[in-house]
Amino acid sequence: MLNDIEFINGFSVELGDDYRLAKSYVRDIPTQALVYIRSFTHKLAAQLAVQHDVTFTSANLYDRIEQLNLRRVIDVAAVRALHRLRSDGNRGAHPEKYHLTQTQLVSIAEKSIHQILQIIAKLYPSLHQGAAPRYQFEAFDSYAGRDLCYRAVMKNDPEAQYLVGMSLKAKGLMLQEQERALAQTTDGSLLANSSSSSSSSSNSAESNTPSLISTTVEQTSADVFAQAAHWFHIASVHHQAALFEHGVSLLHGYSGAANPATGEAFIAQAAAQGIVNAQALLGFFYLVGSDQFEVDINQAETLLTLAANAEDAEAMSNLGVLFYQNQQFEQAYLWVNKAAQTGYPHAQYHLALMLEQGEGCQVDIATSQQWMQEAAEQGQLDAMLRCGSDILHDDGASQQQLNIAEHYLHEVIKYGRNVTAMIELSVALADGILGRIDVVQAAYLLQQANLHANEIQRQVIEPLWQSLLMQIDSVIALNPTEDELATLQQAKCLLV
83 MLNDIEFING FSVELGDDYR LAKSYVRDIP TQALVYIRSF THKLAAQLAV
133 QHDVTFTSAN LYDRIEQLNL RRVIDVAAVR ALHRLRSDGN RGAHPEKYHL
183 TQTQLVSIAE KSIHQILQII AKLYPSLHQG AAPRYQFEAF DSYAGRDLCY
233 RAVMKNDPEA QYLVGMSLKA KGLMLQEQER ALAQTTDGSL LANSSSSSSS
283 SSNSAESNTP SLISTTVEQT SADVFAQAAH WFHIASVHHQ AALFEHGVSL
333 LHGYSGAANP ATGEAFIAQA AAQGIVNAQA LLGFFYLVGS DQFEVDINQA
383 ETLLTLAANA EDAEAMSNLG VLFYQNQQFE QAYLWVNKAA QTGYPHAQYH
433 LALMLEQGEG CQVDIATSQQ WMQEAAEQGQ LDAMLRCGSD ILHDDGASQQ
483 QLNIAEHYLH EVIKYGRNVT AMIELSVALA DGILGRIDVV QAAYLLQQAN
533 LHANEIQRQV IEPLWQSLLM QIDSVIALNP TEDELATLQQ AKCLLV
């Protein structure tokens, strides 16, 4: 019986190469596996177009899948499957934008591999005029990482060196996010305690995931970034994508002090060589200005369009921003919508706002809410704040919805130190909106809000502060139990 790689090769040798590489990197470098999955999806769409005499009118994969759909080349289930692969493939390019852990990335990559097998089995008869052969799936392994390390060190292989650097960069970004979250809370703080159980389970799952470069508890994001920068520097001489990453590492100071002038120069060189990520970032520089590049809207539009047509979600989103700033709302809506369709959470949030206001489109509150919820579920902080606040102000919200709202607001506070979220959650805990009253945490949140608030926000906090003090004093006057009194006094100490 065939194995799964032989099965895909039997369908198409060209697709087989991407499938084999994607599968080999699932456990060690899931971000790279997802990049190959995106490439696989592009090539599959192109093969279907050739088979059915379809001429694509756009370089954008979303548009191409929809064109196949309109021509009835594939059925609705296949359209959905291709869009899922496209969306998951895009996550590999910017995992930090989705707040994804290594464990989650591995899970997404594994599911995508199985989705590929399902869609190829479905499409096999139409291409080969016969039933798909039976095959046996061979389990994922972790040998690719060892082979990469060997090639990077012993063979001086630039591609392997680049991939080792990418694996380390992904780990560094995740460590950095964890460090930032921990920095928002003090040891023993109420917010830290409220989320400790979920954090510990996440860390446990993370430790069981095989990885290319094992990191110890003692390693910091700075350590890992420095290692990534080392490999990007070595590979950059012969590898254009590594040149871009080397530029980024200098821009952000992976190895110490930042060097934006040299970093941006390398990024521009990589963009000139057609590296999509470099075109997207250079376009952003021209959009907002940077150390070496002044604002140039025409250059920004040219570069962002190139990257957007190559399916870079961030470029699509920034192109939408460019058109929005120019009051070209229909064009802005077009590109923000495309970015949102890729699964990019920032674009999903902005698309929700445009649908709510009818900017470049018809007002559609129901669809706006769906996109807002999708963005919140993917960790977009503004969307989480909006959804969490909306739930707390909904008298008909279920307890399950209230639990989601509390989780969202905790996340916004943890990652963004957001004063509005602190106030909303404090009021909810003081008034029992979440199904319980917790004056200690309410007082702590209000104290933190006051610490980080601006003058306008402090005017909102002041009456809430006095109201909570009065609430605490009134309960103390009712002769509570010894334990209750201790809790109330603890809350009062936070406010006086």
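With our numbering applied, the sequence shown corresponds to residues 83 to 578, in that order. We treat Cβ as the ideally placed atom computed from N, Cα and C, and that holds for glycine.
Assuming contact is defined by CB atoms lying nearer than 8 Å, are residue i and residue j in contact in what I supplied?
i	j	result
R146	A127	yes
I543	I505	yes
V509	L546	yes
T139	L167	no
N400	L435	no
G425	N142	no
Y490	G470	yes
A573	A525	yes
S194	I111	no
P215	L385	no
A352	G329	yes
F219	D86	yes
E579	I447	Residue 579 cannot be examined here, being either before or after the span of the chain that is shown, 83 to 578.
L388	Q361	yes
L250	W313	yes
G581	E327	Since the displayed the chain opens at 83 and closes at 578, residue 581 lies outside it and no answer follows.
M466	A458	yes
Judging by CA-CA distance, which residue of the options is the nearest neighbour of residue i?
i	options	result
N341	A347, L332, F348	L332
I316	N359, Q355, Q381, E241	E241
T449	H432, A568, E383	H432
S121	H165, E88, A160	H165
L511	Q553, N532, A310, G498	Q553
N359	L325, Q200, L369	L325
L116	T139, Q129, I198	I198
S208	E148, S189, V370, Q129	Q129
L507	H475, H210, Q482, E537	H475
C443	V418, D110, T563, A479	V418
Q529	M248, S556, V501, E537	V501
G345	A213, H320, S372	S372
V161	W313, I201, D477	I201
A159	L205, Q114, R540, V188	L205
L182	T113, E327, L245, K237	T113
E456	L467, D446, S318, Q430	Q430
E88	E564, Q439, A203	A203
Y217	E537, N91, R468, V246	N91
A339	K125, A304, W313	A304
W453	A421, G478, A479	A421
R262	R499, A347, Q413, D170	R499
V319	D239, Y336, H334, G335	D239
G365	Y415, G335, G402, H334	G402
G517	I486, H534, E259, V445	I486
E259	A535, Q184, A221, E488	Q184
H196	D477, E412, D170, S337	D170
Taking residue i and residue j to be in contact with their CB atoms under 8 Å, please state how far apart those CB atoms are, rounded to whole angstroms.
i	j	result
Q462	H492	In fact, because the Cβ distance is near 15 Å, the residues do not count as touching under 8 Å.
E383	L404	6 Å
I357	A323	6 Å
N495	A503	A small fix is needed here, since residue 495 is Ile in this sequence, not Asn. 5 Å between Cβ atoms; contact.
I473	Q481	Not confirmed; about 11 Å, so no contact.
L567	V521	At roughly 12 Å, the Cβ-Cβ gap does not stay under 8 Å, so L567 and V521 are not in contact.
A343	Q374	6 Å
V557	L576	That pair is no contact at about 15 Å.
H334	Y244	With a Cβ gap of about 17 Å, H334 and Y244 do not count as contacting.
Would you say the beta carbon of residue i is closer than 7 Å to some non-hydrogen atom of the ligand NAP?
i	result
Q553	This structure simply doesn't include the ligand NAP, nor any ligand for that matter.
Would you say residue i faces chain C, with C-beta separation under 8 Å as the test?
i	result
Q133	This model lacks chain C altogether, as it is built from one protein chain only.
### Query
Contact between the stretch 130-140 and the stretch 150-159: three or more CB pairs below 8 Å?
Yes, they touch.
### Task
Would you list, in sequence order, the uninterrupted alpha helix (DSSP H) runs of no fewer than 4 residues that lie entirely inside the stretch 100-141?
The DSSP assignment places complete alpha helix (DSSP H) segments of no fewer than 4 residues inside the stretch 100-141 at 112-133, in order along the chain.
### Query
Does the pairing of the stretch 393-400 with the stretch 372-381 give three or more beta-carbon distances under 8 Å?
Two segments are said to touch when three or more pairs of C-beta atoms, one from each, lie closer than 8 Å; by this definition the stretch 393-400 does not touch the stretch 372-381.
### Message
Across the stretch 225-234 and the stretch 84-100, are there enough close Cβ pairs to call them in contact, namely three or more that are closer than 8 Å?
### Response
The answer is no - the stretch 84-100 does not touch the stretch 225-234, with fewer than three Cβ pairs under 8 Å.
### Query
Any chance the stretch 207-225 sits against the stretch 101-115, with 3 or more Cβ pairs inside 8 Å?
Three or more beta-carbon pairs separated by less than 8 Å link the stretch 207-225 to the stretch 101-115, which places the two stretches in contact.
### Query
Taking contact to mean at least 3 C-beta pairs separated by less than 8 Å, is the stretch 304-318 in contact with the stretch 244-257?
Look at the beta carbons and you see the stretch 304-318 touching the stretch 244-257: at least three pairs across the two are nearer than 8 Å.
### Message
To test your reading of the DSSP string, which unbroken alpha helix (DSSP H) runs of 4 or more residues are found completely within the stretch 370-443?
### Response
List check, alpha helix (DSSP H) in window: 379-391, 395-407, 411-423, 427-439.
### Task
Could you name each continuous alpha helix (DSSP H) segment of 4 residues or more that falls completely within the stretch 480-531, going from the start of the chain to the end?
Complete alpha helix (DSSP H) runs here, min 4: 481-498, 501-513.
### Task
Quick one: which unbroken alpha helix (DSSP H) runs of 4-plus residues sit fully inside the stretch 208-250? Chain order, please.
DSSP runs (the alpha helix (DSSP H)) wholly in the stretch 208-250: 225-236.
### Query
Could you give the uninterrupted runs of the beta strand (DSSP E) lying entirely in the stretch 530-565, keeping only those of 3 residues or more?
Fully enclosed beta strand (DSSP E) runs of 3 or longer: not present.
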